[in-house]
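Asks: Please see the structure below; I have some questions.
Residue numbers (the numbering used here): 4 to 128.
See below:
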């Protein structure tokens, strides 16, 4: 019972982060949605079904569960957000070269990982 509550609270935290990711360009949405769906599948069938049937978030989660793929639009937005926020951080905010190189490396690795994920053939966006 305690584990069920733990996963529900963790799922709500991930859902909140995903909702923030919709508003903040540097914060990803999809990974947090997938984590929330995983947590809800172990804790609350009501929240899990709500998330899967949600007009905005459901298609992304279903594509990942069914095909282990994401839409081209989702991938492009994620990579564009990383490049934009990473570039702003490197050129305008960060002043230590080591930190700039670290952020640049993280953006490149994140972009590489996203480029390796298969794109869905279904029209979901």
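Glycine included, C-beta positions come from ideal geometry on N, C-alpha and C.
1) Given a threshold of 16 other Cβ atoms within 10 Å of its Cβ, counted over all protein chains shown, does residue 46 qualify as buried or as exposed?
2) Just list the residues that DSSP pairs residue 121 with in beta bridges.
3) Where residue 39 and residue 17 are concerned, what is the direct C-alpha to C-alpha distance, given to the nearest angstrom?
4) Using the beta-carbon count (16 or more within 10 Å), is residue 89 buried or exposed?
5) Taking only three categories from DSSP, how would you classify residue 59?
6) Figure out for me which residue from 72, 101, 106 has the closest Cα to the Cα of residue 118.
7) Using the C-alpha atoms, what's the distance from residue 81 back to residue 104?
Replies: According to the data block:
1) Position 43 of the chain shown holds residue 46. Flag for residue 46 reads buried.
2) Residue 121 sits at position 118 when you count from the first residue of the chain shown. DSSP output for residue 121 lists 72 as bridge partner(s).
3) Residue 39 sits at position 36 when you count from the first residue of the chain shown. Residue 17 sits at position 14 when you count from the first residue of the chain shown. Taking the Cα positions, residue 39 is about 5 Å away from residue 17.
4) Counting from 1 along the chain shown, the entry for residue 89 is found at position 86. Per the 10 Å Cβ criterion, buried.
5) Numbered from 1 along the chain shown, position 56 holds the residue referred to as residue 59. Here residue 59 carries a coil assignment [DSSP, helix/strand/coil].
6) Along the chain shown, read from residue 1 onward, the residue named residue 118 stands at position 115. Per the Cα distances, 72.
7) Along the chain shown, one-based indexing puts residue 104 at 101. Along the chain shown, one-based indexing puts residue 81 at 78. Roughly 20 Å between the two C-alpha positions.
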